[in-house]
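Okay, so the sequence shown: first residue is 3 according to our numbering, each after it adds one.
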Amino acid sequence: MGQAPSTPAAAPVHPSKSKLKPTVLISPPPPMHDDQANSPPPPHNLITDRVVSSDDDHISTLPDECLACVFQSLCSGDRKRCSLVCRRWHRVEGQSRHRLSLHAHSDLLSAVPYLFARFDAVTKLALKCDRKSSSIGDDGMNAVLDNCSSLEELSVKRLYGLTDGEPAAEPVRPGVTATSLKTICLKELYNGQCFGPLIIGSKNLRTLKIFRCSGDWDTLLELITSRVTGMVEIHLERLHVSDTGIMAISNCMYLEILNLVKTPECTNLGLKAVAENCKLLRKIHIDGCKTNRIGDDGLIAVAKHCPNLQELVLIGVNPTRLSLELIAANCRNLERLALCGSETVGDVEISCIAAKCITLKKLCIKSCPVSNHGMEALARGCPNLVKVKVKKCRGVTCEGADWLRTSRGSLAVNLDTGENDHQDASASDSNAHENGLEMPPPPVAAQGGGGGANAALSGAGRSMSFKARLGLTAGRNLVVCTFRRWSSFTSSSRHN
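Right, here's the structure in full:
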């Protein structure tokens, strides 16, 4: 009686906990009067109009640009949770997201306008669907391309809802991405040719990658390269393409990177045409499937016309001293060389490389008839060599590798006899699981609906974890490991 209404006691602040959770500070509620005791509580909204702040709350005054930098350092799951704090965070998180990965189920179509109204700054988009679900079709692809005006990189994988060659089929066109799109990657598509209008309409396209897509690609490559001539990187893997398509690539005079992986119909004729016209080539990666259709003739053309060559990877190709010596003499910038599964590369060829390749820094030898004599030649040559990897070369013993380490103290030597490793050499930069796939299986009808916009959003954190687990398996593969380290080495050297 006669006492003033009590106020809630402030909870003690623990310095250690406040450092771990520097989020929104909520001040204690004001004293409640008698007329407010029976009033209903205010409605609770997940997204509020503003962040409740106190005198110590500096987050509400943080500029949007700084808040966006904080969001960009978080994983996808944390970004999603942060976007639910308040309307401002929801807006800033959406506007600052540049990468987006979507499960392209058929119900994604209805969510496209909302998704790209919120994520209006996306530059890298990945669309993929599992084999047991129906994917978006031509209308869905066009809806995406009509709403993503800042898109620069597009990756499409396993979309079985696309139509091809039917009268009612709507071509996949570039839409508002015609001038912004720079990279297109198609994977495991039965009807990838329906993306022809998109590729042709992307006038500023720089990179084209096509993996394990069925159908004849010669005619489409001729049409593409006659319209889009500014490409600098082309990657073709497990495609039905012949010298006709490869010779069409020679129209791209600014081409710098060419990967031909398991395209058994390609021969020296196609490689010579590319080498003679694409004189800016820096990286060439060829997996010849041991067909002997690409050999000295094609490589000699590379040596004569591609003086800027920095990286050469030959898998299942049988070069001899004739072509290797010419490459070493003419390609004075060659820094990375990989020879895998080459029956003609022995001690003589390694000795030639050691004597002629002065700028060589990385050398990978796998499943070649090389012995300790080749290691002795490397000890005397290649003055800039920093790393050597030797795998499944029966003639090279531990003693030979140890002698090479002793002779070249600064040289990193990695010897793997391959006794416990029965994996095949991988020919691409993708993970080991993808490398093992041939052609995609026939599409399977969807077993259920559901999803919506929330289901369409892929958890990048979960995806990264999955890729990391696959990376452990792929890391056992010598060629993949070498390429990744070479890439990091190149990046660091450029920054230096």
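Cβ atoms here follow ideal geometry from the backbone N, Cα and C, with glycine treated the same way.
C-alpha gap between residue i and residue j, whole angstroms
| i | j | result |
| --- | --- | --- |
| residue 162 | residue 262 | 25 Å |
| residue 406 | residue 230 | 48 Å |
| residue 194 | residue 215 | 6 Å |
| residue 123 | residue 98 | 7 Å |
| residue 382 | residue 273 | 33 Å |
| residue 318 | residue 333 | 22 Å |
| residue 76 | residue 69 | 11 Å |
| residue 437 | residue 189 | Caution applies to residue 437, whose pLDDT of 37 falls short of 50 and renders its modelled position unreliable; the value that the coordinates give is listed next. Approximately 12 Å, taken between the alpha carbons. |
| residue 369 | residue 396 | 8 Å |
| residue 110 | residue 206 | 28 Å |
| residue 496 | residue 412 | A caution first: residue 496 carries a pLDDT of 48, below 50, which makes its placement in the model too unreliable to give a value. |
| residue 71 | residue 155 | 21 Å |
| residue 131 | residue 160 | 6 Å |
| residue 174 | residue 192 | 15 Å |
| residue 270 | residue 252 | 13 Å |
| residue 146 | residue 346 | 50 Å |
| residue 135 | residue 213 | 21 Å |
| residue 385 | residue 224 | 43 Å |
| residue 366 | residue 307 | 24 Å |
| residue 62 | residue 202 | 47 Å |
| residue 415 | residue 364 | 10 Å |
Where the alpha helix (DSSP H) containing residue i begins and where it ends
| i | result |
| --- | --- |
| residue 107 | Unbroken run through residue 107: none, as it is neither H nor E. |
| residue 374 | 374-382 |
| residue 304 | 298-307 |
| residue 401 | 400-409 |
| residue 92 | 89-97 |
| residue 67 | 66-74 |
| residue 82 | 78-84 |
CB contact flag (residue i, residue j, <7 Å)
| i | j | result |
| --- | --- | --- |
| residue 522 | residue 316 | The question about residue 522 has no answer here: the residues shown for the chain are numbered 3 through 498. |
| residue 285 | residue 267 | no |
| residue 354 | residue 326 | yes |
| residue 233 | residue 260 | no |
| residue 277 | residue 249 | no |
| residue 153 | residue 179 | yes |
| residue 196 | residue 164 | yes |
| residue 149 | residue 114 | yes |
| residue 374 | residue 420 | no |
Residue interval of the beta strand (DSSP E) (run including residue i)
| i | result |
| --- | --- |
| residue 213 | 209-213 |
| residue 338 | 338-342 |
| residue 273 | It is not in any beta strand (DSSP E) - residue 273 instead sits in the alpha helix (DSSP H) that spans 270-279. |
| residue 327 | Element bounds for residue 327: not the beta strand (DSSP E) but the alpha helix (DSSP H), 323-332. |
| residue 185 | 185-189 |
| residue 350 | Careful: residue 350 lies outside any beta strand (DSSP E), inside the alpha helix (DSSP H) at 349-358. |
| residue 366 | 364-368 |
| residue 390 | 389-393 |
| residue 157 | 155-159 |
| residue 289 | 285-289 |
Option in the options with minimal Cα separation from residue i
| i | options | result |
| --- | --- | --- |
| residue 343 | 361, 357 and 291 | 291 |
| residue 388 | 144, 179 and 359 | 359 |
| residue 157 | 132, 135, 103 and 192 | 103 |
| residue 121 | 144, 111, 93 and 391 | 93 |
| residue 81 | 96, 137 and 336 | 96 |
| residue 321 | 331, 348, 307 and 338 | 348 |
| residue 357 | 84, 217 and 377 | 377 |
| residue 255 | 115, 144, 228 and 400 | 228 |
| residue 280 | 303, 265 and 288 | 303 |
| residue 265 | 282, 257 and 295 | 295 |
| residue 184 | 204, 64 and 106 | 204 |
| residue 503 | 133, 176, 73 and 217 | It is not possible to answer for residue 503, since the shown part of the chain is limited to 3 through 498. |
Rounded distance between the beta-carbons of residue j and residue i, thought under 8 Å
| i | j | result |
| --- | --- | --- |
| residue 219 | residue 242 | 6 Å |
| residue 335 | residue 293 | Not a contact, Cβ separation roughly 29 Å. |
heavy atom of the ligand ADP below 6 Å from residue i C-beta
| i | result |
| --- | --- |
| residue 328 | The ligand ADP is absent from the structure shown, which contains no ligands of any kind. |
Cβ of residue i within 7 Å of any chain C Cβ
| i | result |
| --- | --- |
| residue 401 | Considering every chain present, this structure includes no chain C. It has just one protein chain. |
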